[in-house]
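First comes the structure, then the notes that go with it.
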Amino acid sequence: GKGKRAKEEKILAIHEGWKRNGSQLELVNRRHYLHEGEGDVWERFEEWLMNEYAYDPCRDLLIINGDAASWITACREYFGKRACFQLDRFHVARELRQCLSGHPRWREVRKKLAKQDEEGLLVELNSAVGTLEDEAKEKQMAAMIRRIESMPGCIRDYRE
Numbered sequence: 057g058k059g060k061r062a063k064e065e066k067i068l069a070i071h072e073g074w075k076r077n078g079s080q081l082e083l084v085n086r087r088h089y090l091h092e093g094e095g096d097v098w099e100r101f102e103e104w105l106m107n108e109y110a111y112d113p114c115r116d117l118l119i120i121n122g123d124a125a126s127w128i129t130a131c132r133e134y135f136g137k138r139a140c141f142q143l144d145r146f147h148v149a150r151e152l153r154q155c156l157s158g159h160p161r162w163r164e165v166r167k168k169l170a171k172q173d174e175e176g177l178l179v180e181l182n183s184a185v186g187t188l189e190d191e192a193k194e195k196q197m198a199a200m201i202r203r204i205e206s207m208p209g210c211i212r213d214y215r216e
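Using the working numbering, you'd call the opening residue of the sequence shown number 57 and step up by one each time.
Below, the structure is given as structure tokens:
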């Protein structure tokens, strides 16, 4: 009916790492978890992992990669230290390109992101604030800086 929001299906892609196939990287044992209906997505996902993968929350660390949608970043509260959340670099790069393409700092920003140098990236972004000459881009950049700062480790390589 009117005013009711449709329930959003949530699809999580799960894999056990990467392997090289020629010049391409392939996901190992890629599967999907579809969350429909009631219940917390992360609680139900964790139950699914226990059943499908013999996941042990006391032993296994999850690496969760996604955009900054609130339902995805909620994994940080649910899993705590049992998971490492990473902002998806495709989404980060796209947003940075929208703000900084053609800017004198763009090349350095791209390098810092490619190296997963979170601190260096934040230094570059903060240095660019006030120089974009576009209010909408300034707001977008400020929001991105706050997002990264609010989730320490979200850009860094989780293996380090």
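Ideal Cβ positions, reconstructed from N, Cα and C, are used throughout, including at glycine.
In the structure shown, the three-state DSSP call for residue 75 is strand.
Taking C-beta separations shorter than 8 Å and ignoring five residues to either side along the sequence, the partners of residue 169 in its chain run 145, 148, 149, 152, 177 and 211, following chain order.
When beta bridges are read from the DSSP output, residue 80 appears opposite 77. Rounded to whole angstroms, residue 189 and residue 196 show a C-alpha spacing of 13 Å. Judged by beta-carbon spacing, residue 118 lies beyond the 9 Å limit of residue 86, meaning their Cβ atoms are not closer than that value.
Residue range 191-206 is occupied by the alpha helix (DSSP H) that includes residue 198, with no beta strand (DSSP E) assigned at that position. Within the model, the alpha-carbon separation for residue 81 versus residue 75 is close to 6 Å.
Residue 181 and residue 201 have their C-alpha atoms spaced approximately 7 Å apart. The three-state secondary structure of residue 89, taken from DSSP, is strand. In this structure residue 131 is not in contact with residue 104, their Cβ atoms being roughly 14 Å apart against a cut-off of 8 Å. Taken in chain order, the complete alpha helix (DSSP H) segments of 4 residues or longer contained in the segment 132-168 are 145-156.
Annotation: residue 140 to residue 109 spans about 18 Å, alpha carbon to alpha carbon. With contacts defined by Cβ atoms closer than 9 Å, residue 66 and residue 162 do not form a contacting pair.
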